[in-house]
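Residue numbers (the numbering used here): 1400 to 1551. Built from N, CA and C at the ideal position, the CB exists for glycine as well. Source: prediction; values computed, not measured. Here is the structure we will look at, set down as C-alpha cells.
This is how it looks when you write it as C-alpha cells:
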C-alpha cells in the first residue's frame, strides 16, 4: 500500500512529533509532583538525557513511546508497511541506544525505570501503573539507603 500523503506532507507531519514534553511525560510528571517528588526534566548531564531525573532517589525515568522504542508485545509497536528496511534499521538503532544508555546509567549507580506510553494512555490502567512507579522509586531508594549503611 502506498502512502496517501506526498513526501512533503509526510515530512511535515513527522517533523511535528515531539521528542520531549509529550503528553505521557506530562502525565507522569504531574503525578510525581502531586506526590511531593521534585525532579529535573531532560537533564543533558546524564547519558540519554532522561525524561525525568530524581536526584534525591538516584533514579531516572524514561517515558517511552511504544512505536519508537519497540515495546515488546505491544500492539502499538508496529512497523510501517512502506520502506520497511529503513524503519527496521531505525528501530534497531533506537533499541540499541536505549540498552546502551540504560547500561551506562546502571553502571553509574542509577536506578532506571521505563514507563511505556501504553501503560498510562488509558485511565483505567494509568493509576495502577503510576502507583507501581512510586513503589519502584521508594524501593530503589530504600535499597540505596541500606547499601549505604552497609558501606559505613
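Supposed close pair residue i, residue j - CB separation, criterion 8 Å
i, j, result
"residue 1535", "residue 1512", "5 Å"
"residue 1500", "residue 1468", "The pair is not a contact, with the Cβ atoms about 11 Å apart (cut-off 8 Å)."
"residue 1525", "residue 1451", "Wrong, their Cβ atoms sit about 16 Å apart, outside the cutoff."
For residue i, the residue or residues it bridges with in DSSP
i, result
"residue 1451", "1440 and 1460"
Coarse secondary structure for residue i, derived from DSSP in three states
i, result
"residue 1511", "strand"
"residue 1551", "Note that residue 1551 has pLDDT 48, beneath the 50 cutoff, so the model's placement of it is unreliable and the number below is only indicative. In the structure shown, residue 1551 sits in coil (DSSP, three-state: anything other than H, G, I, E or B)."
"residue 1521", "coil"
"residue 1489", "helix"
"residue 1431", "helix"
"residue 1404", "coil"
"residue 1537", "helix"
"residue 1482", "coil"
"residue 1471", "coil"
CA-to-CA distance, residue j to residue i, given in whole angstroms
i, j, result
"residue 1437", "residue 1445", "17 Å"
"residue 1523", "residue 1459", "25 Å"
"residue 1457", "residue 1481", "42 Å"
"residue 1441", "residue 1422", "15 Å"
"residue 1400", "residue 1431", "With a pLDDT of 46 at residue 1400, under the threshold of 50, the modelled position of that residue is not reliable, and the figure given next carries that caveat. So the alpha carbons of these two residues sit roughly 43 Å apart."
Spatially closest choice to residue i from the options, by CA coordinates
i, options, result
"residue 1539", "1453, 1488 and 1442", "1453"
"residue 1424", "1514, 1472 and 1473", "1514"
"residue 1465", "1530, 1485 and 1519", "1519"
"residue 1443", "1470, 1483, 1504 and 1429", "1504"
Minimum Cβ-Cβ distance from residue i to chain D less than 8 Å
i, result
"residue 1513", "Of the protein chains in this structure there is only one, and it is not chain D."
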